[in-house]
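Worksheet for the structure shown next.
Chains as they are written, first to last, in our numbering: chain A, 5 to 129; chain B, 48 to 306.
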């Protein structure tokens, strides 16, 4: 009798959360198929200009490590949009200005090695 | 006395309820009281679940055809220095005695010994190259692919010494000068790094088959998951006599051949 009561209480207390969980489940895409569904969406920036100015190198390092070594290629931006962790995602937009990276790095005398291998906007027609 | 037992029982049942809730939220995500979305967990790959492999039916391979080589080397910006010393190759064709040096050679039929065979990185399950790499620049991925992280490669070439299949090439010169028709979607390498076949992990992530498999006019190559007993490649392995390159070394290659 006491166990029956306990399970009833347990079920009653969790019922609301179960509904909540089920409702959200349907809107979430399956993690397994995620990499097939996500396309490179380069139409918007992943974070504010101020943040990226100060932290783009950290973002790129983190993208590099998690995508190359852990295979986690999907970046979820703070606004919920999903992007592929790739320099091509950045270049999709920023190659409009061929000097986008170089101007600043030249001014700051910073010599990152990205373009030793990755093909920059300067080298594309 | 009675009271104390009652008190202990209530305590324990309370703990039990808490434990049940904890377990339920862990096992069934929709039971969790607070929705936990951890993208890093969500999308983290399970190591060892998939093992990509390839079966090469050499009977169908056309002598002299190099479509797969050309396509692979174009897609991945592999340089061509036109010079054996600086040669960089991801996939290539070689003679029977070079591809299978430890297989039976004596009185081998002219038909078999005279053909050329496709060779590429075997993506060994027990890969010697990843063991010797001092920087873990080459490593075993969750899906069985032996990957290169060119960011980390220091060019020590230990992996080239360790690889028994000659699947790795060193960039003695700047490869950019020797790429005629670069594909812009894939990076090049730089001078001083080792490179090799990546089993088209760049294409797999987009749901595409490897470039060589797709380029072959004869469908010589079958690509699939060796860990999935229902996959096409496992079916072919089941129904054909197949061999691996230098199996006696115990590297467990993931590339199989039908001779």
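Beta carbons: idealized from backbone N, C-alpha and C, even for Gly. It should be emphasised that the depicted structure is a prediction, and the values quoted were computed from it without experimental measurement.
Annotation: Cβ neighbours of residue 92 (chain A) in chain B (cutoff 7 Å, chain order): 232.
Per DSSP, the unbroken beta strand (DSSP E) holding residue 99 (chain B) starts and ends at 99 to 104. Within the stretch 120 to 154 of chain B, the beta strand (DSSP E) runs of at least 3 residues that lie entirely inside it are, in chain order, 138 to 142. Per the C-alpha coordinates, the member of B:204, B:125, B:140, B:131 positioned closest to residue 105 (chain B) is B:140. Within the same chain, and ignoring the five residues on either side of residue 179 (chain B) in sequence, the residues whose Cβ sits closer than 7 Å to its Cβ are 205, 206, 209. For residue 225 (chain B), no alpha helix (DSSP H) segment is defined, and its DSSP state is neither H nor E. Taking a Cβ-Cβ threshold of 7 Å, the residues of chain B close to residue 120 (chain A) are 237, in chain order.
Between residue 200 (chain B) and residue 241 (chain B), the C-beta gap is smaller than 8 Å, which places the two residues in contact. Straight across, the Cα-Cα distance linking residue 215 (chain B) with residue 142 (chain B) is about 18 Å. Put simply, of B:103, B:128, B:121, B:114 the residue whose alpha carbon is nearest the alpha carbon of residue 146 (chain B) is B:103. Restricting attention to B:212, B:134, B:222, B:163, the CA atom closest to the CA of residue 122 (chain A) is found in B:222.
Here residue 271 (chain B) carries a strand assignment [DSSP, helix/strand/coil]. Across the structure, residue 91 (chain A) and residue 48 (chain A) are spaced so that their CA atoms are roughly 14 Å apart.
Residue 201 (chain B) carries a coil assignment under DSSP once its states are collapsed to helix, strand and coil. When Cβ-Cβ separations below 8 Å define contact, residue 275 (chain B) makes no contact with chain A. Using a CB distance below 7 Å, the part of the stretch 45 to 79 of chain A facing chain B consists of 68, 72, 73, 74, 75, 76, 77, 78, ordered along the chain. Rounded to the nearest angstrom, the gap between the Cα atoms of residue 197 (chain B) and residue 184 (chain B) is 7 Å. Interface flag for residue 12 (chain A) against chain B is unset, since no Cβ pair is found closer than 8 Å. The residues 118, 119, 122, 247, 250, in chain order, have a CB closer than 7 Å to that of residue 258 (chain B) in the same chain once the five nearest residues on each side in sequence are set aside. Listed in chain order, the non-local C-beta contacts of residue 57 (chain B) below 7 Å within the same chain number zero, local neighbours out to five positions each way being set aside. Between the C-alpha atoms of residue 61 (chain A) and residue 229 (chain B) there is a straight-line separation of about 26 Å. Under DSSP, the beta-bridge partners assigned to residue 195 (chain B) are B:185.
In the same chain as residue 149 (chain B), and ignoring 5 residues on each side of it, the C-beta atoms closer than 7 Å to its own belong to 293, 295, in chain order. Residue 198 (chain B) has a beta carbon lying within less than 8 Å of a beta carbon in chain A. The CB of residue 54 (chain B) never comes closer than 8 Å to any CB in chain A; the least such distance is about 14 Å. Taking the beta carbon of residue 188 (chain B) as reference, the chain A residues within 7 Å of it are 75, listed in sequence order. Pairing residue 243 (chain B) with residue 99 (chain B) gives a Cβ-Cβ distance that is not under 8 Å. Looking only at A:103, A:112, A:55, A:109, the smallest Cα-Cα distance to residue 124 (chain A) is reached by A:103. When the alpha-carbon of residue 213 (chain B) is set against those of B:191, B:168, B:203, the nearest one is in B:168. C-alpha of residue 78 (chain A) to C-alpha of residue 60 (chain B): approximately 43 Å in a straight line. Counting only Cβ-Cβ distances below 7 Å, residue 60 (chain B) has contacts in chain A at 10, in chain order.
For residue 126 (chain A), the three-state secondary structure derived from DSSP is coil. Taking a beta-carbon distance threshold of 8 Å, residue 247 (chain B) does not count as an interface residue toward chain A. In its chain, beyond the 5 residues on either side, 98, 99, 100, 101, 169, 170, 171, 172, 191, 273 have a beta carbon closer than 8 Å to the beta carbon of residue 301 (chain B).
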